[in-house]
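Beneath this line is the structure, given in structure tokens, with notes to follow.
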Amino acid sequence: MDEQEEYVDQSAQRVIELAKQNRNLTVSLESAKDRASKAERQLEEVKQELESIKEKQERPAATPSTSKRSTDSLRNRLGILTVENNKLKTEVTKMKSVLTQEIGESWDLQKLLEGETKWRGRAQQIALLRSKLKHALSDTATDATVATVATPDVEDRNKAHLEDIKQNYRVHISEVEAEAAELRQSNAELKKHNDSLASRSKILERDSARLKEKLRLMVQKTKHDNELIEQLRRMPGRGESSPVSGPGRGRVQSTPVGSGPAIAQASDAQQELEDTVARLKDELEDKDARIAQVTAELEELRRVAQAEAAGAEETSKFQVNALAVETRNLQEIAEKYREHNGELAESLEKMTTRYQNEKRKSLKLGHDLSMLTSAAEPPKPNLNRQRDLEQQLEELEQELEFQLDGAHARVVSLTSALAAKEDEIKLCRQLVEEHKHAYDEALGELALQVQSGGAGGDPQVGRELMDLRGRYNRMVMLLSKHGIEY
38 MDEQEEYVDQ SAQRVIELAK QNRNLTVSLE SAKDRASKAE RQLEEVKQEL ESIKEKQERP
98 AATPSTSKRS TDSLRNRLGI LTVENNKLKT EVTKMKSVLT QEIGESWDLQ KLLEGETKWR
158 GRAQQIALLR SKLKHALSDT ATDATVATVA TPDVEDRNKA HLEDIKQNYR VHISEVEAEA
218 AELRQSNAEL KKHNDSLASR SKILERDSAR LKEKLRLMVQ KTKHDNELIE QLRRMPGRGE
278 SSPVSGPGRG RVQSTPVGSG PAIAQASDAQ QELEDTVARL KDELEDKDAR IAQVTAELEE
338 LRRVAQAEAA GAEETSKFQV NALAVETRNL QEIAEKYREH NGELAESLEK MTTRYQNEKR
398 KSLKLGHDLS MLTSAAEPPK PNLNRQRDLE QQLEELEQEL EFQLDGAHAR VVSLTSALAA
458 KEDEIKLCRQ LVEEHKHAYD EALGELALQV QSGGAGGDPQ VGRELMDLRG RYNRMVMLLS
518 KHGIEY
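Taking the numbering used here as reference, the numbering of the sequence shown is continuous, increasing by one, and the terminal residue is 523.
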């Protein structure tokens, strides 16, 4: 009888364990359905946003560039949500097949959670075997009191075990709620950081638009200067080709009167062009310094990763992988910077050459005007040599002033570049450190969960890790799309 009672207890324990597994499967299926429905709602929202964007694009007042960026971002989000929805649907299908094997073909999830239906499948077979075992024990028992005493004992143990299960379930729920609160706080911090990056992106776009506008104005101003120089060149020809109806003094006076404002305008245009070239040099030096800083940070990150990889455990491996990914991203960004700076340097070299040619043309034009003025005056043999020397001296002084202005512009550009780079480098470092710290902290928490066995072999941890990595890559793509180098 003792062996039979022990066998009954083992059977009851097995039934309880199977019921516990079944309940866990139903809960997992319900959570998977919730995630799938949430993903479907997000998919519908994205579709609605796409439809609204399409309607806005059809309106004439919509800006093509803004609508295109919004459409691209929404398409990316739609693709991501579609992939997540497919994964959740696959997971729900697997859960349904497992429940069908455990419970039976016809089952209702809500009734199973509320406990209003009987078990199907394996649970029904276990209950049938248990009833047969009780009948066999009652037939072979010599004393009826033993069976009447044993049954309440098993039921009491089952009730106690169920209470333990409920207590463990409550503890697990509290832990899950705490983890959810931490994840919500982390998401809020990431959202705040993304908002700051978006504001920074808008500032950089506005600065880029201003720079393009300045370049356009500079090209337009250069075109006007060329036209002005051509007009100034044609002015002496018109004065000589005009019929001489009066004395030579009237013809000489007409040239300075027409050329004075033109020369002043040409001088102002040259000064503005010189300032623009200096600003372009400042921006190029700013880009070069930033590339050097990013390269130095890459080397430092590489050294830190190699030093930690020597004696690190499982958590350090996650951080080293994250640093390696970030290092590759920074290397790609640095390469893009170098290509962009090469193009800017080539453009700046062309503009500098053009500026020097225009200034030489202006000096030559001034020289021609002075020659015409001196040629119109009555010749004085005694002063010709002195005038030639004075003219050569003026030309040398103008050339020296031109070189001095160029040197002064380079000094000013270097000084302004040094002052402007400090703020930019400080902001860049802060962004890199904040994002790297948040990313490493999240990876460290997941690694600790895996080491401590809190995940229990659940693939949810792996999915969370992949989701975190996907959000990181999507954020880098969004920043690069808006022109923010990270």
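Note that the Cβ used here is the ideal one computed from N, Cα and C, for glycine as well.
Check                                                                                                                                                                                           : Outcome
Checking 8 Å against the spacing of the C-beta atoms, do residue 170 and residue 48 come in under that value?                                                                                   : yes
Measure from the alpha carbon of residue 528 to the alpha carbon of each residue in 213, 174, 228 and 130, then state which is nearest.                                                         : No information on residue 528 is available, as it lies outside the stretch 38 to 523 that the chain covers here.
Whether or not the region 53-70 and the region 103-113 are in contact is what I'm after, with contact meaning three or more pairs of Cβ atoms, one per stretch, closer than 8 Å; do they touch? : no
Give the straight-line distance between the Cα atoms of residue 242 and residue 236, rounded to the nearest whole angstrom.                                                                     : 10 Å
Given 8 Å as the limit, is there contact between the region 80-87 and the region 114-121, that is, 3 or more CB pairs closer than that?                                                         : yes
Is DSSP giving residue 46 helix, strand or coil here?                                                                                                                                           : helix
Going by beta-carbon coordinates alone, are residue 72 and residue 125 separated by less than 8 Å?                                                                                              : yes
Any idea if residue 177 is buried or exposed, counting beta-carbon neighbours within 10 angstroms, 16 or more meaning buried?                                                                   : exposed
Less than 8 Å between the CB atoms is what I'm expecting for residue 119 and residue 80, so what's the real figure, rounded?                                                                    : 7 Å
So what's residue 145 in DSSP terms, helix, strand or just coil?                                                                                                                                : coil
Does the separation of the CB atoms of residue 55 and residue 163 fall below 8 Å?                                                                                                               : yes
From residue 228 to residue 221, what distance separates their C-alpha atoms?                                                                                                                   : 10 Å
For residue 313, which residues from the same chain have a beta carbon less than 7 Å from its beta carbon, with the 5 sequence-adjacent residues on both sides left out?                        : 251 and 255
Hey, residue 53 and residue 231 are a contact pair by Cβ (cut 8 Å); roughly how many whole angstroms apart?                                                                                     : Not quite, the Cβ-Cβ distance comes to about 48 Å (not below 8 Å), so this is no contact.
Is the beta carbon of residue 442 sitting closer than 8 Å to the one on residue 311?                                                                                                            : yes
Under 8 Å by Cβ, that's how I've got residue 139 and residue 61 pegged, so tell me the actual separation to the nearest angstrom.                                                               : Incorrect: roughly 11 Å between the Cβ atoms, too far for contact.
I need the straight-line Cα distance from residue 174 to residue 198, nearest angstrom please.                                                                                                  : 24 Å
Please list, in chain order, all residues of the same chain as residue 76 whose beta carbon is under 8 Å from its beta carbon, the five residues on each side excluded.                         : 118, 121, 122 and 125
In whole angstroms, what is the alpha-carbon distance linking residue 270 and residue 317?                                                                                                      : 30 Å
Roughly how many angstroms lie between the CA atoms of residue 207 and residue 246, to the nearest whole one?                                                                                   : 58 Å
For residue 428 and residue 400, which I take to be in contact (beta-carbon distance under 8 Å), what is that distance rounded to the nearest angstrom?                                         : Contact doesn't hold; Cβ gap of about 12 Å is too wide.
Count the other C-beta atoms from every protein chain shown that fall within 10 angstroms of the C-beta of residue 259, then say buried if there are 16 or more, exposed otherwise.             : buried
Note down the Cα distance separating residue 57 from residue 205, rounded to an integer number of angstroms.                                                                                    : 12 Å
Measuring straight from C-alpha to C-alpha, what distance separates residue 309 and residue 337?                                                                                                : 42 Å
Among the residues of its own chain, which have a CB less than 7 Å from the CB of residue 128, if the five just before and after it don't count?                                                : 69
Find out if the Cβ-Cβ distance for the pair residue 46, residue 191 is shorter than 8 Å.                                                                                                        : yes
Going by Cα to Cα distance, which pick from 90, 326, 50 and 394 is closest to residue 193?                                                                                                      : 50
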